[in-house]
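> Numbering-wise, the working numbering comes out as the position in the sequence shown, counting from 1, plus 376.
We put the CB at the ideal spot given by N, CA and C, even for glycine.
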Amino acid sequence: SCPEVELSAEERAYLTAVEKGDYAGVKHALREAEVYYNMDVNCLDPLGRSALLIAIENENLEIMELLLDHGIHTGDALLYAIRKEVVGAVELLLSHRRPSGEKQVPSLMMDSQFSEFTPDITPIMLAAHTNNYEIIKLLVQRKVTIPRPHQIRCDCVECVSSSEVDSLRHSRSRLNIYKALASPSLIALSSEDPILTAFRLGWELKELSKVENEFRQEYEELSQQCKRFAKDLLDQARSSRELETILNHRDNDQSEELDPRQCHDLAKLKLAIKYHQKEFVAQPNCQQLLATLWYDGFPGWRRRHWAVKLVTCFIIGLLFPAFSLIYLLAPKSALGRFIKKPFIKFICHTASYLTFLFLLLLASQHIARTNLHMQGPPPTIVEWMILPWVLGFIWAEIKEMWDGGFTEYIHDWWNLMDFAMNSLYLATISLKIVAYVKYNSSRPREEWEMWHPTLIAEALFAIANIFSSLRLISLFTANSHLGPLQISLGRMLLDILKFLFIYCLVLLAFANGLNQLYFYYETKASEEPNNCKGIRCEKQNNAFSTLFETLQSLFWSIFGLLNLYVTNVKARHEFTEFVGATMFGTYNVISLVVLLNMLIAMMNNSYQLIADHADIEWKFARTKLWMSYFDEGGTLPPPFNIIPSPKSVWYLLMWLHNKLCRRGQPPGEGSHKCENLREFTEVIRSLVKRYVAAMIRSAKTDEGLTEENFKVRRSCCCHGPISRSVKRHDTLLLLIQSESARSDGGVVLVVLGKSVIFSFDHKTKHLKYKTMPTSSLTPVQSVLEKLSEGPIRNFPLQPKERTTSWIKSVAVPTAATVPFRIKAEPSRPSFGSR
């Protein structure tokens, strides 16, 4: 700990004068110290505070200025003022110029172990930690910045050496920097695009939480703070125009070029989805704009009866072939533009997929009968009808992968399911072609070999049909009732995968043990009833004879499909049977009682997480679905999308022409981008101003009526105008009104050397005052003119009136100013009790 130094009488008096706000006493002590050297002006009180820190704590700017003028050491005063959030003190310290060659701190404080702040903390970082907008603004205006930390996996010399010297300090320093960078006020003041900065920083912090497991909670909280800031900033949008300007703004880093003719690109919203900004996407303003764009062309759609909606969708779905043909021939016509609307596009694609499922159902019913013993049967009429849909699905997936990139494509689980489904259909078609070419004869199906191409094709086609039917679940997202259920199902699949990892380990362990115990007792099929060997026989046998058979047996035992007698052996080896039965029973206890119940608990937890945030989760998932239909391409549903349209040929020719001629950007496009950027900058500035104002109002509301709202500096008795003595005139009036109403009393202040008792008449709405002792009231009247717009009524205080009812609870002190507060604390008495 810091060694204590005995203070002299002069030093104690000097620190006491600073504590009480005695300007004259402090000034006298400093002058004596300069002449007689009778004390150390940088001395510390028993709490380790210097005179400057005491003045900062009391928010006494006059004494602070006096101390700085006399060359007192500042030390960590700036950091201390920032932590106390004394804006005036910070401004004074920033504007103070230290003499050249002066030591910044006393020799005792040079050791960082005696400092209240770690060496990596800078003023801008500490201000960002407190999120004080005014202080951060002062520092940012002086071009103070925070350096970006290196990547978490950076192996440069600086990072490696810092981690080797002190890994804890290295990690804490990184956390402190990110804690400062995540400050909403700092982002608002230092970033040209605060929303994009919050997106990227929130994503980076989320990734850091996965690597820095020791500080996972801190990083996740900072990531959530960035997400809240982006959402709160969007809350300040007051018109659809502002909202569109924000959501349609495209960052320069994005690869695609913004088409000036495209009104609703929604580039910012796409970034929000990419960075998983669920609160931002689910924000009401954003959802309202999306709904307006989604139901474009259908005014009042939500207010219509459900039967009308159903009939309308059914009619549009039936007409999707006609709409598609019209769009192919005349994409710029009225009907051609009609099918490009997102809602119509969604209905047409859904109707096309339902038609595909209907064809699959017809194919499974074998309506067109063929020779069942034909080894290479030709395709049926239904299979010929299915083929264009499969080709259309494959072409749509290729276009999506080309437009969004491979990385973006594989991040969507539905795309992986589509890839598996299309691969199965391609394999089915290929095997059917091989069988048709290679096998031309008929042969009883019972005599076909196990790996016959037709048999494999039929199996793959059956699996593909399952995927195709389950793919319909993705459309549930559009419904408010089925959407949350579908999202919960997706989360449960992740739980099942985690469970299967542990279960497979348990399964393999017991399968290895049981196979090791029973493989000696394997029997032949001829020795078993009906020449049947395995667990699929009427009388199960050889359940653990091979490792593969053991794995199957243990898996089906979960569903109660394995009998206990499979642990018996024909030889009279009771000990072996006992050990085998015990192992089999232990496996069932672990898999059924422990693991299965753990899976149920995990799935229940996942469902509850979705249920607690059902609205946000569903709106985010629905927005992802909607955004897939807002894009320019993909208008035609399968199978019409495989037909080359005149528009596609024209776009191809234009692309080749631009590539061959190497044309620059069209004339006027650069000016249009500059205009968009200027408009975006203006909107962002407006949003930031509103956000800061809302933040300040919220802070005042949360703070309530406390002493800090109405604190008057103690040095106001003899120095400076009233504007430097009282923080806010309106808050002083509020104090006087509340005190007068609460205790029928007043507030004692010292104004220009006069002890003045203020009260407020709630009937006449007039401000009243009385002085003690009586003297010329001219200086007081000039003060009251600044505090009240109403007429000032002067009541000279006579000796007999000193105990009037309205000041009965007021004890007039001889000190400069009475500390007061509306809500008293046990440690400090309220105004009325002093």
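Kindly indicate which three-state DSSP category S967 falls into: helix, strand or coil?
Three-state DSSP puts S967 in a helix.
> For a quick check, are the C-beta atoms of A453 and F996 less than 8 Å apart?
Cβ atoms of A453 and F996: not closer than 8 Å.
> What's the C-alpha gap between L1063 and V587?
Distance between the alpha carbons of L1063 and V587: 34 Å.
> Going by DSSP in three states, S818 sits in which element: helix, strand or coil?
Residue state, collapsed to three classes: strand.
> Since I believe A427 is in contact with Y390 (beta carbons under 8 Å), could you give me their beta-carbon distance rounded to a whole number of angstroms?
Right, their Cβ atoms sit about 7 Å apart.
> Using 10 angstroms around the beta-carbon of N589, count the other beta-carbons present and answer buried if the total reaches 16, otherwise exposed.
Classification for N589: exposed.
> Closest by CA to H625, which one among K1065, Y1067, E1051, A1075?
Minimum Cα distance to H625 is reached at E1051.
> Leaving out the 5 sequence neighbours to the left and right, which residues in its chain are closer than 6 Å to N508 when beta-carbon positions are compared?
Hits under 6 Å: E461.
> Throw me the rounded Cβ distance for the A648 and F575 pair, which I believe falls under 8 Å.
Right, the Cβ-Cβ distance comes to about 7 Å (below 8 Å), so this counts as a contact.
> Would you call H725 buried or exposed, if buried means 16 or more other Cβ atoms sit within 10 Å of its Cβ?
Flag for H725 reads buried.
> To the nearest angstrom, report how far apart L584 and W932 are at their CA atoms.
Using only the alpha carbons, I get a separation of about 42 Å.
> Using only the alpha-carbon positions, how far apart do D871 and V970 sit?
D871 and V970: Cα-Cα distance of roughly 15 Å.
> Classify T392 as helix, strand or coil using the three-state DSSP reduction.
Reduced to three states, the DSSP call for T392 is helix.
> What are the boundary residues of the alpha helix (DSSP H) that includes E588?
Careful: E588 lies outside any alpha helix (DSSP H) and carries neither H nor E.
> Using DSSP bridges, identify the partner residues of M1003.
The partner list for M1003 (beta bridge, DSSP) is empty, contrary to what the question assumes.
> In three-state terms, what does DSSP make of M750?
Correct three-state label for M750: strand.
> Who are the near neighbours of I692 in its chain, counting only those whose CB is closer than 6 Å to its CB and skipping five residues on each side?
Here the set comprises I723.
> Sorted by chain position, which residues of the same chain lie with C-beta nearer than 7 Å to L383's C-beta, five sequence neighbours on each side aside?
The residues are C419.
> Helix, strand or coil: which one does DSSP assign to S1101?
Because the pLDDT of S1101 is 35, which lies under 50, any placement of that residue in the model is unreliable, and the question is left without a value.
> If you reduce the DSSP assignment to three classes, tell me which class Q659 lands in.
It is coil, neither helix nor strand.
> For V466, count the other beta carbons within 10 Å of its own beta carbon; 16 or more makes it buried, fewer makes it exposed. Which is it?
With 16 or more other Cβ atoms within 10 Å, it is buried.
> Is the beta carbon of I512 less than 8 Å from the beta carbon of V463?
Not a contact, by the Cβ cut-off of 8 Å.
> By DSSP, does P1172 sit in helix, in strand, or in coil?
Model confidence at P1172 stands at a pLDDT of 38, short of 50, so the residue's coordinates are unreliable and nothing is read from them.
> Our contact map puts L502 next to L455 with C-beta atoms below 8 Å; I'd like the distance itself, whole angstroms only.
Contact flag correct, Cβ pair sits at about 6 Å.
> What is the residue span of the alpha helix (DSSP H) that D445 lies within?
437-445 is the extent of the alpha helix (DSSP H) around D445.
> So, at 6 Å on beta carbons, what are the nonlocal neighbours of S488 in its own chain, with the 5 sequence-adjacent residues on each side left out?
Because S488 sits at a pLDDT of 47, beneath the cut-off of 50, its placement in the model cannot be relied upon, and the following sentence gives the value as read from the coordinates. Closer than 6 Å at the Cβ level, and outside the excluded window around S488, lie P495.
> From this set, Q663, D608, Q593, L581, which residue's C-alpha is nearest S616's C-alpha?
Comparing Cα positions, the closest option is Q663.
> Hey, how far is the Cα of E433 from the Cα of D421?
Roughly 13 Å between the two C-alpha positions.
> Quick one, are the C-beta atoms of L598 and L623 less than 8 Å apart?
The answer is no: Cβ separation not under 8 Å.
> Quick check: Y812 and G752, are their CB atoms within less than 8 Å of each other?
In this structure, G752 lies closer than 8 Å to Y812 by Cβ.
> Would you kindly work out how many angstroms separate the C-alpha atoms of L865 and I1072, rounded to a whole number?
When rounded, the distance between both Cα atoms is 42 Å.
> Helix or strand or just coil, what does DSSP make of P1020?
P1020 falls in the coil class under three-state DSSP.
> Taking Cβ to Cβ, would you say L733 is nearer than 8 Å to S844?
Yes.
> To the nearest angstrom, report how far apart H446 and A385 are at their CA atoms.
When rounded, the distance between both Cα atoms is 21 Å.
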